[in-house]
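>
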Amino acid sequence: MPEFRPGVELARRFYREAVRPLLDGRPHLAARIGPGSDVLGFDTERSTDHDWGPRVELFLDDPGDLDERLRDRLPKRFLGWPTNFVPPGARVRSMADTDGPVNHYVTITGLGTWLRDRIGADPGWLAVPWQRLAELTGGAVFHDPEGELGAVRRRWSWYPDDLWRYVLGCQWARIGQEEAFVGRTAEIGDDPGSRMVAARLVRDLARLFLLQQRRWPPYQKWLSVAIRSDPVAADLAGALSADEAGRRSAALCAAYEEAARRQNALRLCPPLQTRRRPFFDRGYPVIGAGRFAEALLDGRAPVGSIDQICDSTDVLERPEVCAAVSDAAHRTVP
């Protein structure tokens, strides 16, 4: 195996040294964006087994014979990695040597067409999954002479402030709906149930911390990786590993309190008290997340973004379905 290097670094060199010389000066944009662990910066040697390797996105309006030109003239290997991918045109592809034309992984399309495929024809902020936004704004741009692609990435880099407040409020609302259940399930001897609720709350907290940092939360496989360098990750891990409900709740409450302090520091709503408290007369320790939801939502219903409405992969991978689900949810919830 060749020496592993981050996929975006490999793509940058592949574009500059192998692809660009074959373009004969055609106007184009070039980047490594879209699906792939390399775009998120999470790729490892394991990633090389599929959808990883010498690849690049080329955006141009009139490709002409470019696909055939690349098939015939690209090197069979680049920096030791095969440039041929199999099966040709499949949803999941892997590097493989070839003696014939190169079935390359250079995406050739118009920028508008690519965007419609990834986020929809007329996307609203709340209908675009966070993972798709991370894919659009992650990775790297290699060639963008007029700044067209850069403008698109800036446009989708983060929510407008009013929507940021709203989405944060919806995330606090999700936590408020279940924070007492860790103690309640444990009280009736349902330790597996307490663990399940704790895991759901850890997921919501991880997303909340990323949203507070103006970072798009990735999908489930990478969520823990995205938050692991944050000091609060130790509390989240503690909530998952605790064998006793009291320790589980204590770890969650430590994370709640940190989230509350960070929320106050953002000054998106009036500051609120950040210490844990008993859940009414039942005594389970909670933060009272509904207080933050109420302050941020300013009377709006906590419906939220498509990721807060639905976690079906079959929905989140289809922009037109995301738009329909989001529109229906916001129209029908008072």
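So the sequence shown is residues 1229 to 1562, counted in the working numbering. C-beta: ideal position from N, C-alpha, C; glycine also.
1) So, do the stretch 1534–1549 and the stretch 1332–1349 have three or more beta carbon pairs nearer to each other than 8 angstroms?
2) Does DSSP put Thr1560 in a helix, a strand or coil?
3) I need the boundaries of the beta strand (DSSP E) containing Leu1286, first residue and last residue.
4) Which partner residues of Leu1257 appear in the DSSP bridge assignment?
5) Report the three-state DSSP secondary structure of Met1229 (helix, strand or coil).
6) Pick out whichever of Arg1443, Gly1474, Ala1434, Ala1478 has its Cα sitting closest to the Cα of Pro1459.
7) On the criterion of 16 or more Cβ atoms from any shown chain inside 10 Å, does Pro1388 qualify as buried, or is it exposed?
8) Identify which residue in Trp1450, Val1453, Ala1454, Ser1477 has its Cα closest to the Cα of Asp1463.
9) Could you give the residue range of the alpha helix (DSSP H) that holds Thr1335?
10) Give a yes or no on contact between the stretch 1519–1537 and the stretch 1351–1371, applying the rule of three or more CB pairs nearer than 8 angstroms.
11) Have a look at Pro1632 and Tyr1243 and give me their C-alpha separation to the nearest angstrom.
12) Apart from the five residues just before and just after Glu1486, which ones in its own chain have a Cβ nearer than 6 angstroms to its Cβ?
13) Any idea which residues DSSP pairs Arg1505 with across the strands?
14) For Val1553 and Gln1399, I'd like the C-alpha separation in whole angstroms.
15) So what does DSSP say about Phe1242, is it helix, strand or coil?
16) Would a C-beta distance cut-off of 8 angstroms place Leu1257 and His1332 closer than the cut-off?
17) Closest by CA to Phe1437, which one among Arg1475, Val1395, Arg1505, Gly1417?
18) If distances are taken between C-alpha atoms only, which option among Gly1527, Ser1540, Ala1551 comes closest to Pro1562?
19) In angstroms, rounded to a whole number, what distance separates the CA positions of Ala1454 and Gly1411?
20) Nearest CA to the CA of Gly1417: which residue from Thr1541, Ala1401, Trp1384, Gly1474?
21) Could you name the residues of the same chain whose beta carbon sits closer than 7 angstroms to that of Arg1381, not counting the 5 residues immediately before and after it, in chain order?
22) Between which two residues does the alpha helix (DSSP H) holding Val1369 run?
23) Can you tell me whether Glu1407 is buried or exposed, with buried defined as 16 or more other CB within 10 angstroms of its CB?
24) Would you report the Cα separation of Ala1551 and Cys1497, rounded to the nearest angstrom?
25) Quick one: what does DSSP say Phe1270 is sitting in, helix, strand or coil?
On the basis of the supplied data:
1) yes
2) Numbered from its first residue, the sequence shown carries residue 1560 at position 332. Three-state result, Thr1560: helix.
3) Residue mapping note: residue 1286 aligns to position 58 of the sequence shown, counting from 1. Where Leu1286 is concerned, the enclosing beta strand (DSSP E) stretches over 1283–1287.
4) On the sequence shown, residue 1257 is found 29 positions in, with the first residue counted as 1. Looking at the DSSP assignment, Leu1257 forms a beta bridge with Phe1287.
5) Here residue 1229 refers to the residue found at position 1 of the sequence shown. Three-state result, Met1229: coil.
6) Stepping through the sequence shown from its first residue, residue 1459 is reached at position 231. Ranking the options by Cα distance to Pro1459, first place goes to Ala1434.
7) For this step, residue 1388 is matched to residue 160 along the sequence shown. The residue is exposed, with fewer than 16 neighbouring Cβ atoms inside 10 Å.
8) Numbered from its first residue, the sequence shown carries residue 1463 at position 235. Selected option, being the one with the closest Cα: Ser1477.
9) Residue 1335 sits at position 107 when you count from the first residue of the sequence shown. Not the alpha helix (DSSP H): Thr1335 falls in the beta strand (DSSP E), residues 1333–1337.
10) yes
11) The requested residue 1632 does not occur in the structure, where the chain is confined to residues 1229 to 1562.
12) Position 258 of the sequence shown, counted from the start, is the residue given in the question as residue 1486. Closer than 6 angstroms at the Cβ level, and outside the excluded window around Glu1486, lie Val1460.
13) Taking the sequence shown and counting its residues from 1, one reaches residue 1505 at position 277. Answer by DSSP bridge pairing, in chain order: Val1514.
14) Along the sequence shown, read from residue 1 onward, the residue named residue 1553 stands at position 325. Along the sequence shown, read from residue 1 onward, the residue named residue 1399 stands at position 171. Distance between the alpha carbons of Val1553 and Gln1399: 18 angstroms.
15) To locate residue 1242, count along the sequence shown from 1; it is residue 14. Three-state result, Phe1242: helix.
16) Residue numbering aside, residue 1257 sits at position 29 when the sequence shown is read from its first letter. Residue numbering aside, residue 1332 sits at position 104 when the sequence shown is read from its first letter. Their beta carbons are not under 8 angstroms apart, which means Leu1257 does not touch His1332 by this criterion.
17) The residue you call residue 1437 lines up with position 209 of the sequence shown. Phe1437 has its Cα closest to that of Val1395, out of Arg1475, Val1395, Arg1505, Gly1417.
18) For this step, residue 1562 is matched to residue 334 along the sequence shown. That would be Gly1527, whose Cα lies nearest to the Cα of Pro1562.
19) As a working note, residue 1454 is residue 226 in the sequence shown. As a working note, residue 1411 is residue 183 in the sequence shown. The straight-line gap from Cα to Cα measures roughly 28 angstroms.
20) Indexing the sequence shown from 1 puts residue 1417 at position 189. Comparing Cα-Cα distances from Gly1417 to each of Thr1541, Ala1401, Trp1384, Gly1474, the minimum goes to Gly1474.
21) The residue you call residue 1381 lines up with position 153 of the sequence shown. Within the same chain, Arg1381 has close Cβ partners Leu1364, Thr1365.
22) Position 141 of the sequence shown, counting from 1, holds the residue named residue 1369. Premise fails: Val1369 lies in the beta strand (DSSP E), 1368–1371, not in any alpha helix (DSSP H).
23) Taking the first residue of the sequence shown as 1, we reach residue 1407 at position 179. Result: buried.
24) By one-based count along the sequence shown, residue 1551 stands at place 323. By one-based count along the sequence shown, residue 1497 stands at place 269. Using only the alpha carbons, I get a separation of about 29 angstroms.
25) One-based indexing of the sequence shown puts residue 1270 at position 42. If DSSP states are grouped into helix, strand and coil, Phe1270 belongs with coil.
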